[in-house]
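>
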Amino acid sequence: MTAMTTLSERPRTALLVIDVQNDVVAGAHRRDEVVAAIGSLVDRAREEGVPVVWVQHCDEGLEKGTEAWAYVPELTRRDPEPLVHKSYGDSFEDTDLEAVLARAGVGHLVVTGAETDACIRSTIHGAFVRGYDVTLVADAHTAPDKSAWGAPPPEQVVAHTNLYWKGQSAPGRTAGVTAAKDVVFKAGS
């Protein structure tokens, strides 16, 4: 995918890891496979000098500092990697994410994490309308089963999000979907 971000002087790509926290992904669709795919992407990004930005949600049901709030043990943030705390679905809303990305010269986001039908969807749209190029990693986002409340089964939620994100377009920026194995990080980009 050719980057076309509308954000001038921001040619770099960052890997965004959203809300892969114990309670958020407990019982999520394909939890172990998704966490493994994210872990592989984190390793590859680090090897290639691509910034990894971690996002962590807290609210009344997910209290900061608790085991439920903690990131899953399979994924470990390194101290120099930014950690953005949020309390809304869109990772940009009332956070320092924009400032973190601006300092790093990032105009393209590779997005992974949870939950597909909430924070992932809100963040990819939030990034896109703010001028970012956004690549959603097809097999590196997940959601729990909310069909008891009228939602489609989680595999359909993931498939639908991947399908419609492929068709997004706007002047001067790109949206796309790719499998984790096909994500290409360019050194220093």
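For the sequence shown, my numbering gives the first residue as 97, with consecutive numbering after it. All C-beta atoms, glycine included, are put in the ideal place defined by N, C-alpha and C. Predicted, not measured: the structure shown is a model, and the values here were computed from it.
1. Are Glu194 and Arg226 closer than 9 Å when you measure CB to CB?
2. For the alpha helix (DSSP H) that Ala132 lies in, which residues bound it at each end?
3. Does His153 pass the burial test, meaning 16 or more other C-beta atoms within 10 Å, or should it be called exposed?
4. Buried or exposed: which applies to Gly284, given that a residue is buried once 16 or more other Cβ atoms fall within 10 Å of its Cβ?
5. With DSSP as the reference, label Thr238 as helix, strand or coil.
6. In the region 165 to 209, which residue ranges form an unbroken beta strand (DSSP E) of at least 3 residues, counting only runs that do not cross its ends?
7. Could you tell me which of His237, Val233 and Glu144 sits nearest to Asp278, measuring between CA atoms?
8. Of the residues Ala132, Thr270 and Gly268, which one's Cα is nearest the Cα of Gly209?
9. Quick one: Cα of Gly161 to Cα of Asp190, how far?
10. Is the region 162 to 175 touching the region 196 to 208, taking contact as three or more C-beta pairs under 8 Å?
11. Start and end of the alpha helix (DSSP H) containing Arg217?
A quick look at the data gives this:
1. In this structure, Arg226 lies closer than 9 Å to Glu194 by Cβ.
2. Ala132 -> alpha helix (DSSP H) spans Arg127 to Glu143.
3. It is buried - the Cβ of His153 has at least 16 other Cβ atoms within 10 Å.
4. Caution is warranted here: a pLDDT of 49 is assigned to Gly284, below 50, making its placement in the model unreliable, and no coordinate value can be reported.
5. Strand at Thr238.
6. Here the runs fully enclosed are 179 to 182.
7. Selected option, being the one with the closest Cα: Val233.
8. For the residues Ala132, Thr270 and Gly268, the minimum Cα distance to Gly209 belongs to Ala132.
9. Taking the straight line from one Cα to the other gives about 20 Å.
10. Cβ pair count under 8 Å is below three, so no.
11. That run of the alpha helix (DSSP H) goes Arg217 to Val225.
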